[in-house]
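S.K.:
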Amino acid sequence: MERKIVYLVNPISGTAKKEGIKKLVERETSAQGISYEMTDTNATGNYDWLRDKVLAEKITDIVIIGGDGTVNQVTRSLRNVPVQFGIIPVGSGNGLALAAGIPSKPQQALALIFAGKAAPVDAFMVNNEYSCMLSGIGFDAQVAYDFSTKATRGLFTYAQQSILHYFKAHPYQFEIVLDNFSFFAEAFFISIANSNQFGNHFTIAPQASLHDGLLDIVIAQKMNKAKLPFAILRQIRGNNKLQQLVDDMGKKNILYFQTPALTIRNLKLAPLHIDGEPRETAEEFNIRLLKDYFQLIQP
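My numbering puts the first residue of the sequence shown at 18, with every later residue one more than the last.
Given below as structure tokens:
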């Protein structure tokens, strides 16, 4: 089938200048002899027009020039549409692209789009909110909220906000409900991961896979704040299995397990983020995996 690409450019994501990337895309795509057009993303996140366009014009590829927030909006809107997605990562964190092995340099990412093949990627729902990468409740959600309000974004701003909130952080109370048992946790944050990335090469769930049919749950339990960075560092380097979970509750600072679904009762209304974007919190989160939700071009 002859390829037809729509490039979606987020004009405000990340810190990179977009004009140079646009010229690169135009030059290289024309050289490949591939039919294409380029348009900006929209602030509302409504892509019904794109769904209609894909079907009417037989578009084969949607390439997102942006970050995780844009990837979230576009892949959510085009569910069950026969199209494959590519990413040229220019966002603030680019966690999904990093997890998928997509190069960070635009020219290399574009070469992958021309040569690469698409493979299915899982996603998940948090109540009625769609997430394609990583969502969290608690400390990291407050970081995401404050990060989203800053005029200057990027790794430095994210680190700055993380350090600021680290010293102000307090634990929240949760009840975690699985198929066969439930337990209470007092935790600084809970991360629900489909990808292994917080973004910016910060790996929180080392075993997370984009297509294994499992969500990776990371719970940073209440501990002396001096221990928190070291506990997270240990989590990045290794992890424990679900069958060890009960034993670990009383003796490990970080709990890590995999499951296709769970319920989290948010007893103290800790804040929520979805793929790095702040969202309204709730008293209960019902979380379930969406298997093979979209096709992503990757190495």
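For glycine and all other residues, C-beta sits at the position ideal for the given N, C-alpha and C.
Is Ile281 closer than 9 Å to Phe311 when the C-beta atoms are compared?
M.R.: As a working mapping, residue 311 is identified with position 294 in the sequence shown. As a working mapping, residue 281 is identified with position 264 in the sequence shown. Cβ atoms of Phe311 and Ile281: not closer than 9 Å.
S.K.: Touching or not, the stretch 79-90 and the stretch 288-303, by the rule of three or more beta carbon pairs under 8 Å?
M.R.: With the cut-off at 8 Å, the stretch 79-90 and the stretch 288-303 touch.
S.K.: If you pair each beta-carbon of the stretch 92-106 with each one of the stretch 54-69, do three or more pairs fall below 8 Å?
M.R.: Contact holds: three or more Cβ-Cβ distances are below 8 Å.
S.K.: Reducing DSSP to helix, strand and coil, say where Lys239 ends up.
M.R.: Reading the sequence shown from its first residue, position 222 is the one you call residue 239. Looking at Lys239 - three-state DSSP - the assignment turns out to be coil, as it is neither helix nor strand.
S.K.: Leaving out five residues before and five after Lys244 in sequence, what residues of the same chain have Cβ atoms less than 8 Å from its Cβ?
M.R.: Indexing the sequence shown from 1 puts residue 244 at position 227. For Lys244, the predicted structure reports a pLDDT of 49, less than 50, and the residue's modelled location is therefore unreliable. The matter cannot be settled from this model.
S.K.: For Arg170, does the count of other Cβ atoms within 10 angstroms reach 16, so buried, or fall short, so exposed?
M.R.: If you number the sequence shown from 1, residue 170 lands on position 153. Below a pLDDT of 50, predicted positions are generally treated as unreliable, and Arg170, at 42, falls in that range; no measurement from the model is reported.
S.K.: Mind checking which residues open and close the beta strand (DSSP E) that includes Thr61?
M.R.: Residue 61 sits at position 44 when you count from the first residue of the sequence shown. Per DSSP, Thr61 belongs to no beta strand (DSSP E) and is neither H nor E.
S.K.: Do you know offhand how far Pro106's Cα is from Glu43's?
M.R.: Sequence index remark: in the sequence shown, residue 106 carries index 89 (1-based). Sequence index remark: in the sequence shown, residue 43 carries index 26 (1-based). So the two alpha carbons sit approximately 17 Å from each other.
S.K.: In this structure, does DSSP put Arg282 in helix, strand or coil?
M.R.: For the purposes of this step, residue 282 is taken as residue 265 along the sequence shown, with counting starting at 1. Residue state, collapsed to three classes: strand.
S.K.: Starting from Arg93 and walking both ways along the alpha helix (DSSP H), at which residues does that stretch end?
M.R.: Numbered from 1 along the sequence shown, position 76 holds the residue referred to as residue 93. Run containing Arg93: Asp85 to Ser94, per the alpha helix (DSSP H) assignment.
S.K.: Going by CA-CA distance only, name the one from Met18, Gly112, Ala117 and Pro99 that's closest to Leu227.
M.R.: Taking the sequence shown and counting its residues from 1, one reaches residue 227 at position 210. Among Met18, Gly112, Ala117 and Pro99, the Cα nearest to that of Leu227 is on Ala117.
S.K.: Give me the DSSP bridge partner(s) of Asp78.
M.R.: Within the sequence shown, the letter at position 61 stands for residue 78. Partner(s): Ile22 and Gln101.
S.K.: Alpha helix (DSSP H) containing Glu297: first to last residue?
M.R.: One-based indexing of the sequence shown puts residue 297 at position 280. Run containing Glu297: none; DSSP gives neither H nor E here.
S.K.: Under DSSP, the beta strand (DSSP E) around Pro13 begins and ends at which residues?
M.R.: Since the first residue shown for the chain is 18 and the last is 316, residue 13 is missing from the structure and cannot be characterised.
S.K.: From Ala237 to Ile207, what distance separates their C-alpha atoms?
M.R.: Locating residue 237 in the sequence shown gives position 220, counting from the first residue. Locating residue 207 in the sequence shown gives position 190, counting from the first residue. When rounded, the distance between both Cα atoms is 6 Å.
S.K.: Is it buried or exposed for Lys35, if we count other Cβ within 10 angstroms and need 16 for buried?
M.R.: Here the question's residue 35 lines up with position 18 in the sequence shown. Buried, because 16 or more other Cβ atoms sit within 10 Å of the Cβ of Lys35.
S.K.: For the beta strand (DSSP E) that Val194 lies in, which residues bound it at each end?
M.R.: Taking the first residue of the sequence shown as 1, we reach residue 194 at position 177. Where Val194 is concerned, the enclosing beta strand (DSSP E) stretches over Tyr189 to Val194.
S.K.: Within 10 Å of its beta-carbon, does Lys167 have 16 or more other beta-carbons around it, so buried, or fewer, so exposed?
M.R.: Taking the sequence shown and counting its residues from 1, the one referred to as residue 167 is at position 150. Interpretation of Lys167 is limited by its pLDDT of 43, a score under 50 that renders its predicted location unreliable; the figure taken from the coordinates is listed afterwards. Lys167 should be labelled exposed.
S.K.: According to DSSP, is Asp139 helix, strand or coil?
M.R.: For the purposes of this step, residue 139 is identified with residue 122 of the sequence shown, where counting begins at 1. In this structure, Asp139 counts as strand in the three-state DSSP scheme.
S.K.: DSSP three-state label for Gly292, please.
M.R.: What you label residue 292 is simply residue 275 of the sequence shown in a count that begins at 1. Residue identity check: residue 292 is Asp in the sequence provided, not Gly. Three-state DSSP puts Asp292 in coil, outside helix and strand.
S.K.: Please return the same chain residues whose Cβ sits closer than 6 Å to the Cβ of Ala287, not counting the five positions on each side in sequence.
M.R.: One-based indexing of the sequence shown puts residue 287 at position 270. Cβ within range, chain order: Ile154, Gly155 and Tyr189.
S.K.: In chain order, what residues of the same chain lie with their CB nearer than 7 Å to the CB of Gln49, ignoring the 5 residues before and after it?
M.R.: Within the sequence shown, residue 49 is the residue found at index 32, counting from 1. Hits under 7 Å: Phe131.
S.K.: Looking at Ile22 and Ile79, is the spacing between their C-beta atoms short of 9 Å?
M.R.: Position 62 of the sequence shown, counted from the first residue, corresponds to residue 79. Position 5 of the sequence shown, counted from the first residue, corresponds to residue 22. Their beta carbons are under 9 Å apart, which means Ile79 touches Ile22 by this criterion.
S.K.: Please return the same chain residues whose Cβ sits closer than 6 Å to the Cβ of Phe247, not counting the five positions on each side in sequence.
M.R.: Working through the sequence shown from its first residue, we reach residue 247 at position 230. The predicted position of Phe247 is uncertain, since its pLDDT is 49 and thus under 50; a value taken from the coordinates is nonetheless stated next. Result list for Phe247: empty, nothing under 6 Å.
S.K.: Per DSSP, Glu301 is paired with what?
M.R.: Locating residue 301 in the sequence shown gives position 284, where the first residue counts as 1. DSSP output for Glu301 lists Arg282 as bridge partner(s).
S.K.: How would you call Ser121, buried or exposed, if buried means at least 16 neighbouring beta carbons within 10 angstroms?
M.R.: As a working mapping, residue 121 is identified with position 104 in the sequence shown. Answer is exposed; the Cβ neighbour count stays below 16.
S.K.: Is the Cβ-Cβ distance between Ile304 and Met142 less than 9 Å?
M.R.: Residue 304 sits at position 287 when you count from the first residue of the sequence shown. Residue 142 sits at position 125 when you count from the first residue of the sequence shown. Contact flag set, yes.
S.K.: Taking the beta strand (DSSP E) that Gly155 falls in, what are its first and last residues?
M.R.: If you number the sequence shown from 1, residue 155 lands on position 138. Unbroken beta strand (DSSP E) run through Gly155: Leu151 to Gly155.
S.K.: Ile8 by DSSP, collapsed to three states: which one?
M.R.: Outside the modelled stretch of the chain, which goes from 18 to 316, sits residue 8, for which no answer is possible.
S.K.: For the beta strand (DSSP E) that Leu272 lies in, which residues bound it at each end?
M.R.: By one-based count along the sequence shown, residue 272 stands at place 255. Counting along the chain, the beta strand (DSSP E) containing Leu272 begins and ends at Ile271 to Thr276.
S.K.: Expressed to the nearest angstrom, what Euclidean distance is found between the alpha-carbon atoms of Pro277 and Phe205?
M.R.: As a first step, residue 277 must be located in the sequence shown, where it is residue number 260. As a first step, residue 205 must be located in the sequence shown, where it is residue number 188. Cα to Cα, the separation comes out at about 23 Å.
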